[in-house]
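One structure below.
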Amino acid sequence: MRGNPDARQGAIALHGFYFLYYGLQGVSIPFLPLWFASRGLDAATIGLIVATSFLPKILSTPVVAHVADQTGRAHALIASALAASLVLFICYPFMHGAGWLLGTTLLLNAVFPAVLPLMDRMAIASGRAQGNSYTIMRACGSLGFAVVTMAGGYLIKTFNADWVMWLSILLIIACLACVRLLPRAGRPASVDMLGRPASGETPGRPASDETPQPASVEVPGKPASDETPQPASGEVPGKPASDETPQPASGEAPGRPVRLPMLEVLRNRPLLMCIGAASLVQASNGFLYSYSTLYWTASGLSTAVISMLWVVGVVSEVLFFFLAPKILARTSAQRLILASAMMTVIRWAGLSATTDPAQIAALQLLQCFTLAGNNAAIMWYITRHVPAACKTSAIALYALLSGGVFMFASIQLGGALYRSYASGGFMTMAACAACAIPLVLYAEKWRPKPNP
Numbered sequence: 001m002r003g004n005p006d007a008r009q010g011a012i013a014l015h016g017f018y019f020l021y022y023g024l025q026g027v028s029i030p031f032l033p034l035w036f037a038s039r040g041l042d043a044a045t046i047g048l049i050v051a052t053s054f055l056p057k058i059l060s061t062p063v064v065a066h067v068a069d070q071t072g073r074a075h076a077l078i079a080s081a082l083a084a085s086l087v088l089f090i091c092y093p094f095m096h097g098a099g100w101l102l103g104t105t106l107l108l109n110a111v112f113p114a115v116l117p118l119m120d121r122m123a124i125a126s127g128r129a130q131g132n133s134y135t136i137m138r139a140c141g142s143l144g145f146a147v148v149t150m151a152g153g154y155l156i157k158t159f160n161a162d163w164v165m166w167l168s169i170l171l172i173i174a175c176l177a178c179v180r181l182l183p184r185a186g187r188p189a190s191v192d193m194l195g196r197p198a199s200g201e202t203p204g205r206p207a208s209d210e211t212p213q214p215a216s217v218e219v220p221g222k223p224a225s226d227e228t229p230q231p232a233s234g235e236v237p238g239k240p241a242s243d244e245t246p247q248p249a250s251g252e253a254p255g256r257p258v259r260l261p262m263l264e265v266l267r268n269r270p271l272l273m274c275i276g277a278a279s280l281v282q283a284s285n286g287f288l289y290s291y292s293t294l295y296w297t298a299s300g301l302s303t304a305v306i307s308m309l310w311v312v313g314v315v316s317e318v319l320f321f322f323l324a325p326k327i328l329a330r331t332s333a334q335r336l337i338l339a340s341a342m343m344t345v346i347r348w349a350g351l352s353a354t355t356d357p358a359q360i361a362a363l364q365l366l367q368c369f370t371l372a373g374n375n376a377a378i379m380w381y382i383t384r385h386v387p388a389a390c391k392t393s394a395i396a397l398y399a400l401l402s403g404g405v406f407m408f409a410s411i412q413l414g415g416a417l418y419r420s421y422a423s424g425g426f427m428t429m430a431a432c433a434a435c436a437i438p439l440v441l442y443a444e445k446w447r448p449k450p451n452p
């Protein structure tokens with residue numbers, strides 16, 4: 001990458017895009033409920049809007065991912081989704097009444113979250129092709145979340161909740177400005193879930209949207225699990241592979257073309273179990289995202305203190321992302337998801353028992369597992385076990401489960417408890433994370449055996 005200005009520019013743009021994209025979430029996730037409250041909505045209505053807002057991505061995310069996997073037109077899709085999001089954020093201040101606010105929120109959450117799988121796919125590709133680390137790019141996103149959360153908390157406290165809208169609009173405009181600088185991609189290859197190229201493609205020619213598949217020479221007896229990917233021909237035996245090592249591919253019989261990438265993903269049982277487990281851990285944030293700010297405010301904590309509590313969690317998350325490649329080089333992705341689930345259960349159970357800022361801050365440090373460890377592990381697993389033509393769909397499945405189906409259920413259950421027993425919402429989150437544990441153990445049982 002050092003000698004390639006275009007690649008360097010693309011990598012810088014990706015880091016910046018992550019910072020801005022997650023920065024927008026840093027103002028909307030903690031403070032959008034406060035903005036709704038400033039418009040006169042009660043807690044029950046706010047909870048309904050926040051919960052249902054996670055549903056539209058269930059339809060939009062896989063559709064956009066399918067188009068991206070089939071055409072490779074990631075830039076056009078990202079730009080279109082961001083432009084639509086900008087229009088909807090501009091419309092927000094002119095909306096009055098719960099119905100209008102709900103409708104606008106549903107439309108916004110049909111387009112804005114669809115950007116994430118495309119962005120993650122592009123980041124993984126950049127890591128494989130140029131030696132960048134996905135986890136470092138994702139750490140930039142967490143850093144953006146922390147910075148904007150602090151700025152948003154200060155501005156809202158100093159002025160008013162309308163700054164939620166102004167910051168969001170500015171950040172989307174900045175994201176749009178970055179799109180044209182993102183790395184370019186071609187049309188992905190047609191391969192099956194074993195990574196085999198479709199018949200009719202030229203052997204040895206790169207067909208994926210990022211990097212060529214590795215060649216056919218494999219080292220006899222070398223394990224093909226997610227911890228020790230097989231080297232391609234020309235690599236030095238014993239040399240450690242990067243955290244985005246490509247899949248072994250050619251040398252096997254040509255596979256059929258992938259017409260429905262999502263269907264191929266759904267047929268892979270261990271992958272499904274890992275995605276399901278990671279999605280449950282991520283979705284356990286539902287009560288935190290929807291009611292924690294209202295709960296802590298009602299408990300006497302100021303907006304500034306709440307902002308700092310969010311930042312404590314995000315800082316630990318950023319640090320873990322920097323360490324994730326080294327951790328995953330020494331353990332399996334499944335084991336890190338398992339550890340993340342266990343630590344997340346402890347975190348939510350602890351938060352249900354205290355409103356002391358110091359104790360909350362200590363528990364927020366476990367966010368390094370809830371978000372960073374869990375996210376890094378599932379992306380690591382997808383990188384190694386899913387071929388190029390299906391990767392966006394696999395990431396989209398994780399996004400729609402973690403931020404759609406499971407998140408909706410998490411918020412609904414947490415909200416039901418919040419209205420009768422406020423801190424009980426955190427216990428619902430602990431139960432959600434605990435459900436991930438048997439899924440990971442099942443995936444570990446079905447882990448691919450090393451080749452003889």
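Using UniProt numbering, the first residue of the sequence shown is number 1, and each one after it goes up by one. Here a beta-carbon is modelled for each residue, glycine too, at the ideal position from N, C-alpha and C.
According to the neighbour-count rule (16 or more other Cβ atoms, all chains shown, within 10 Å of its Cβ), is Gln-364 buried or exposed? buried
Residue from Ala-283, Leu-171, Val-315 with nearest C-alpha to Tyr-21 = Leu-171
Notebook entry, point to check: With a cut-off of 8 Å, do at least 3 Cβ pairs link the segment 418-436 to the segment 333-342?
Noted result: yes
Go to Ser-307, then tell me how far its alpha helix (DSSP H) extends in each direction, as first and last residue. 303-328
Fill in: Inside the segment 55-123 only - alpha helix (DSSP H) runs reaching at least 4 residues
57-71, 74-91, 98-111
ask   = Under 9 Å, do Ile-275 and Leu-338 count as touching if we go by C-beta distance?
value = no
Cα-Cα separation between Ala-389 and Leu-34, rounded to whole angstroms:
41 Å
Can the beta-carbon of Ile-124 be found closer than 9 Å to that of Lys-326? no
When the Cα atoms are used, what is the spatial distance from Ala-142 to Phe-17?
The question names Ala, but residue 142 in the sequence shown is Ser. For Ser-142 and Phe-17, the distance between alpha carbons rounds to 12 Å.
Exercise. DSSP on Thr-331, reduced to helix/strand/coil?
Worked result: coil
>> Contact defined as beta carbons within less than 8 Å: I believe Leu-102 pairs with Ile-49. What is the distance between those atoms, to the nearest angstrom?
In response: 5 Å
With 16 other CB atoms within 10 Å as the buried threshold, where does Phe-159 fall? exposed
Check your understanding: Between residue 503 and Leu-24, is the Cβ-Cβ spacing less than 9 Å?
Key -> Any property of residue 503 remains undetermined from this structure, which presents the chain solely from 1 to 452.
- prompt: What three-state label does DSSP hand Ala-125 in the structure shown?
  reply: helix
If we ignore side chains and look at the alpha-carbon of each, how far apart do Gly-425 and Val-405 end up?
18 Å
Alpha carbon of Met-119 to alpha carbon of Val-164, nearest angstrom:
24 Å
Given Met-95, which residues of its chain have a CB within under 7 Å of its CB, disregarding the five upstream and five downstream residues?
Leu-101, Thr-104
Notebook entry, point to check: Whose C-beta lies closer than 7 Å to the C-beta of Ala-37 among residues of the same chain, with five residues either side of it excluded?
Noted result: Ile-46
By DSSP, does Thr-8 sit in helix, in strand, or in coil?
Position check: residue 8 holds Arg in this sequence, whereas Thr was assumed. If DSSP states are grouped into helix, strand and coil, Arg-8 belongs with the helices.
### Task
Just list the alpha helix (DSSP H) runs in the segment 391-435, keeping only unbroken ones of 4 residues or longer that don't cross its boundaries, in chain order.
391-400, 406-420, 424-434
Do Val-111 and Ser-60 have their C-beta atoms closer together than 9 Å?
yes
TODO: Please determine, among Val-315, Ala-84, Arg-267, the residue with the shortest C-alpha to C-alpha distance to Ala-361.
DONE: Val-315
Notebook entry, point to check: To the nearest whole angstrom, what separates the beta carbons of Ile-411 and Gly-286, a pair I think is in contact under 8 Å?
Noted result: 4 Å
Host alpha helix (DSSP H) of Ser-53 (start-end): Ser-53 -> no alpha helix (DSSP H), and no H or E assigned at all.
* Same chain only: Cβ atoms within 6 Å of Trp-380, ignoring 5 sequence neighbours per side -> Leu-328, Ala-333
Using the three-state DSSP reduction, which class does Tyr-291 fall into: helix, strand or coil? coil
message = On a Cα-Cα basis, can you pick out the residue from Tyr-398, Tyr-442, Arg-259 that is closest to residue 473?
response = The requested residue 473 is not part of the displayed model; the chain covers only 1 to 452.
- Query: Phe-322 to Ala-76, Cα distance in whole Å?
  - Reply: 30 Å
**Report entry** Inter-residue spacing [alpha-carbon to alpha-carbon] between Gly-195 and Leu-266
**Finding:** Residue placement at Gly-195 cannot be trusted, given a pLDDT of 41 that sits under 50; what the coordinates show is reported in the next sentence. Distance between the alpha carbons of Gly-195 and Leu-266 is about 15 Å.
**Study point:** Distance between beta carbons of Pro-62 and Ala-443, contact taken as under 8 Å
**Key:** Not a contact, Cβ separation roughly 21 Å.
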